[in-house]
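Presented below is the structure to which this report refers.
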Amino acid sequence: MDRNLALELVRVTEAAALVSSQFMGRGDKNGADGAAVEAMRRAFESVKIKGEVVIGEGEIDEAPMLYIGEKVGSQEEGTMEVDIAVDPLDGTELIAKGLPNAIAVIAMGKKGSLLNAPDTYMKKIIVGPKAKGVIDLDKSVEENIIDVSKALGKKTTQMTIMVQDRERHNYIFEVARKLGCKIRMFDAGDVAAGIATCFEETGVDMLMGIGGGPEGVITAAAIKCMGGDMQAQIYPLSDEERERCHQMGYLDSDIEKKLTIDDLAKGDDLFFAATGITEGNLLKGVVNIGGNKARTESVVMRGRTGTIRFVNAIHNLDKNEILIDLMKKYNME
Ligand SMILES: O=P(O)(O)OC[C@H]1O[C@](O)(COP(=O)(O)O)[C@@H](O)[C@@H]1O
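Numbering (the numbering used here), first residue to last: 3 to 335.
This is how it looks when you write it as structure tokens:
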């Protein structure tokens with residue numbers, strides 16, 4: 003895949019971010035999510051690919067748009083066949099409350115490259131390039147922290163670990179505190195949190211914990227593009243989630259399996275794009291700059307070359323048809 007499709011994808015994440023940002027602080031996470039999905043779906047129409055959604059908004063009977071199996075992109079003959087993983091709004095609670103780190107995000111890869119993960123929880127461990135090859139989900143939390151600290155040439159007291167602020171992570175907090183690590187808790191949005199491990203300026207050395215499975219696959223594509231490392235395990239937290247895995251053809255033995263970054267996102271024909279919706283660690287949020295214009299910041303990655311681009315854009319909201327149509331639909335003109 004020679005074309006840098008990620009540069010086309012950024013227009014799609016920008017559309018979702020611009021639209022969902024209009025819902026900031028309105029306490030309406032479903033409205034924000036629905037609008038982001040619709041904006042992303044519409045923006046995809048102009049991307050010249052034969053895409054199929056492998057990670058999306060749910061099964062066909064659960065989601066009207068961007069459902070698993072939906073064909074997206076122009077679908078023209080001769081265009082590339084690709085797997086698409088979308089999260090039009092990662093951090094629905096964040097946008098509803100106007101909190102940091104909500105993003106619109108897409109990962110894309112050659113057909114068959116992205117794991118068709120069930121919409122259940124997933125255990126994850128993620129590090130940047132310097133600690134590639136040392137993480138192992140079969141090891142204890144303590145061993146992983148110590149091995150990563152050695153790879154980074156840091157004492158454990160100099161390490162910063164990103165962990166979602168949930169009771170289910172108490173075992174991680176306990177060990178990390180015993181080793182004297184700093185912990186950066188986040189409330190939601192583990193794609194943005196995972197990616198932070200690969201940008202040294204964020205100060206984040208690793209992420210550990212149990213988050214969304216779909217988000218795990220999307221994160222893996224980005225981590226692969228940046229040369230970092232990730233391991234995961236599908237981790238149903240209820241009988242209902244386990245049943246969902248079975249319905250998707252996952253046996254109990256598959257659920258137990260340790261997934262490497264290559265199991266999550268195969269090869270290097272991978273693309274990733276994310277646009278900030280609310281102000282974040284890595285990306286600025288959508289900012290209205292007056293004159294009915296808004297500025298967005300996005301990051302775009304390509305697996306084959308490992309190029310990472312930050313894209314700043316100024317959008318003329320009077321000419322943005324997707325935004326205009328959706329604001330009418332949601333009575334937010
Ligand atoms: O403990 P929770 O809230 O179920 O969190 C798990 C997942 O929820 C999120 O924080 C946000 O998900 P939504 O955008 O669907 O609300 C994900 O990034 C994360 O993987």
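Virtual Cβ for every residue (Gly too), placed ideally from N, Cα, C.
Residue i, buried or exposed, once every other Cβ within 10 Å from all chains shown has been counted against 16
i    : result
E59  : buried
Y173 : exposed
F312 : exposed
N294 : exposed
T298 : buried
L325 : buried
Q235 : buried
M124 : buried
K152 : exposed
K126 : buried
G155 : exposed
G93  : buried
G205 : exposed
Separation of residue j from residue i, as counted between CA atoms
i    : j    : result
D149 : G27  : 41 Å
S22  : I279 : 7 Å
G182 : N103 : 26 Å
D254 : A87  : 24 Å
A340 : G111 : Limits of the chain in this structure are 3 at one end and 335 at the other, which puts residue 340 out of reach.
R44  : A65  : 15 Å
P131 : E72  : 34 Å
A41  : K31  : 15 Å
V219 : A37  : 23 Å
Close-in-space but distant-in-sequence residues of the same chain around residue i (CB under 6 Å, 5 per side omitted)
i    : result
Q77  : K52
G196 : I128, L209 and T221
V49  : E10 and G75
I316 : K295 and R297
I185 : I163, V165 and A178
Beta-carbon contacts of residue i that lie in its chain and below 7 Å, excluding the five residues immediately before and after
i    : result
Q24  : M329 and M334
A8   : F273, F274, A275, V302, M303 and R304
K260 : L139, D140, Q233 and Q235
Y69  : V55, G58, E59, G60, E61 and I62
Contacts around residue i, its chain only, beta-carbon distance under 8 Å, and the 5 residues preceding and following it disregarded
i    : result
I310 : C227, M228, V301, V302 and M303
Those residues which DSSP pairs with residue i across a bridge
i    : result
R186 : M164
R311 : V302
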